[in-house]
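Chains as they are written, first to last, in this note's numbering: chain A, -5 to 299; chain B, 68 to 344. Heads up, the beta-carbon is just placed ideally off N, CA and C, and yes, glycines get one too. If you're wondering where the values come from, they're calculated on a predicted model, not measured in any experiment. A short worksheet on the structure shown next.
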């Protein structure tokens, strides 16, 4: 449509460079303005603060090079928070993909209750995480539901939120409970997009149900897999609400993640620039993990056509 | 790929297993409702039994003590204003992106994509400080500005993908008839993108309503605390009477639950498809 006709002289190069297409620039202007003002500028400022000693209130800001970063690498708590964040993120990926897939296969079958099952397993996804976490705080509490049930079957009660390892497990349980339905609907959409002929062909060739899932269904689900893994990773790395409600990072620092750590350093201890430095390293960690994973999963998508 | 195989005994067994799993899965929600309807003396003795004689006092207490009417108003104001701006700015921007030249479109696309990869924590501190400097902390506008920024790239991706798939013939026909870009957008494009506007509204509404960390920073202690912040503040001081706590929690999630009850299918589709953007 916008190729120049043979009789028209081509416009000068700079004109063509500025001509972005059919629609007035004013349409994109508000979006760019909001984006630059609310996202880009603060991120650039945050990066800058990481190299200063500013506390968020003082008038003077001094450049202090890499000292925030040196301090961070010697900081036991930050190192432990990095470890905890990674454990939570990878556990969430595994749990959500595995259970999400099983649930999706379940509610894609010919069960009579499949529509009800979909609703039940999906519902927690839309509920407010902080509120759901307080509900689970009761379930995990010393006289709460889980311990009551344990006592009923004659087992000793556990300190679900008081023991460092169990607290981490509890936090992962709550988040998985809440978000497994999201993986389920993403996989379900993937399953429903698979042409039934493929499965029938495999059946005719003598494949058993497990072989069909392994060799037909799973490869066809590669795009859904990418989305699930990336969403679970990002969610796991940015984890905040559940920990705020359930453990406040405790016991000790057992469930302190990078998000809760940054919140604490910057807003409770008032060390703005140190918090910015941790946030900067945190962002690099997220990028270094998420981007290659995305790349790898995408390449598998194309490998399977 | 819903299988068309006949329903057999094995399916029946699977059905039972699935239903038991679903009951276990939904049990926390049952507890939430049950305990909120019991007086302290009742739930502490017998937390799991169904509330045969429901006690509604917890809801009155929670509503009053947690200032939930203020919080509800605040949440509604923040969500509504944010959605209006997001839909307008997002749809306008996406129209430009979808119709500009491929190479330029790609540059802008990457530009906006950056935001989804760049860490929002890094910007959170300086933005907080900027809001403080312009005296917006403690007002709902600080949150509206925040959400308009942070949900915008995602909104633009949803819209751009959809508009790209619309044939250009429609808007070109309108332009040949002498319509301006704005007229074309309002009368041709916007009506056609209604389905994706629905998805944009649902997803952003749920995200914004549920968000906790940002309102905690921006609004804590002010009279504009949103529902999650007000509920959290209340629960942290009133952790002894779970009946009242659960009533507050239930009031807090009632609006999203109601939305889900009305839009079940639409919401599941929105989450399944929308997050691909």
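Here the alpha carbon of residue 196/A sits roughly 17 Å from the alpha carbon of residue 103/A. Counting only runs of at least 4 residues, the region 150 to 190 of chain A fully encloses the following alpha helix (DSSP H) elements, listed from N- to C-terminal order: 158 to 186. Interface annotation for the region 92 to 123 of chain B against chain A: 92, 93, 94, 95, 96, 98, 99, 102, 111, 114, 115, criterion Cβ-Cβ distance under 9 Å. With a contact defined as Cβ atoms closer than 8 Å, residue 213/A and residue 184/A miss out at about 11 Å.
Secondary structure at residue 226/B: helix, using DSSP grouped into helix, strand and coil. Listed in chain order, the positions of the region 259 to 270 of chain A with a beta carbon within less than 7 Å of a beta carbon of chain B are 260, 261, 266, 269, 270. Contact between residue 335/B and residue 108/A does not hold, since the beta-carbon distance rounds to 12 Å and is not under 8 Å. Residues of chain B with a Cβ closer than 7 Å to the Cβ of residue 50/A are, in chain order, 196.
Rounded to the nearest whole angstrom, the CA to CA distance from residue 277/A to residue 333/B is 34 Å.
Residue pairing from DSSP places residue 46/A in a beta bridge opposite 57/A. When 7 Å is used as the limit between beta carbons, residue 295/B is near these residues of chain A: 122, 124, 125, in chain order.
Chain B has no Cβ within less than 9 Å of the Cβ of residue 148/A.
A contact between stretches requires three or more CB pairs, one per stretch, nearer than 8 Å, and the region 277 to 289 of chain B fails this requirement with the region 238 to 251 of chain B. Only exposed fits residue 120/B, as fewer than 16 other CB atoms lie within 10 angstroms of its CB.
Among the CB atoms of chain B, one or more fall inside 9 Å of the CB of residue 171/A. Taking a beta-carbon distance threshold of 9 Å, residue 94/A does not count as an interface residue toward chain B. One finds 132 in chain A with Cβ atoms closer than 8 Å to the Cβ of residue 309/B, taken in chain order. A direct Cα-Cα distance of roughly 42 Å separates residue 222/A from residue 106/B. One finds 335 in chain B with Cβ atoms closer than 7 Å to the Cβ of residue 116/A, taken in chain order.
With respect to the C-alpha of residue 18/A, the residue from 167/B, 149/B, 171/B having the closest C-alpha is 167/B. Each residue's CA atom was taken as its position, placing residue 210/B and residue 177/A some 29 Å apart. The beta carbon of residue 257/A sits closer than 9 Å to some beta carbon of chain B.
Residue contact with chain A for residue 258/B: absent (no Cβ-Cβ distance below 9 Å to any residue of chain A). Among the CB atoms of chain A, none fall inside 9 Å of the CB of residue 206/B. A straight line joining the alpha-carbon of residue 289/A with that of residue 180/B spans about 15 Å. Close to chain A, meaning a Cβ-Cβ distance shorter than 8 Å, are the following residues of the region 268 to 281 of chain B: 273, 276, 277, 279, 280. By the CB criterion at 9 Å, residue 169/A and residue 116/A fall outside the cutoff. Looking from the CA of residue 147/B, the closest CA among 273/B, 316/B, 94/B, 122/B belongs to 273/B. Around the Cβ of residue 297/B, a 10 Å sphere holds 16 or more other Cβ atoms; the residue is buried.
Going by C-alpha positions, residue 202/A is about 16 Å away from residue 190/A.
Taking a Cβ-Cβ threshold of 9 Å, none of the residues of chain B is close to residue 64/A; the smallest such distance is about 19 Å. Against chain B, a Cβ distance below 7 Å from residue 162/A picks out nothing, because the smallest value is about 19 Å. The beta carbon of residue 110/B lies closer than 7 Å to those of 102, 309, 310 in the same chain, with the five residues before and after it left out. Any Cβ of chain B closer than 9 Å to the Cβ of residue 151/A would place that residue at the interface, and such an atom is absent. Three or more Cβ pairs closer than 8 Å define a contact, and the region 119 to 134 of chain B falls short of that threshold against the region 185 to 194 of chain B.
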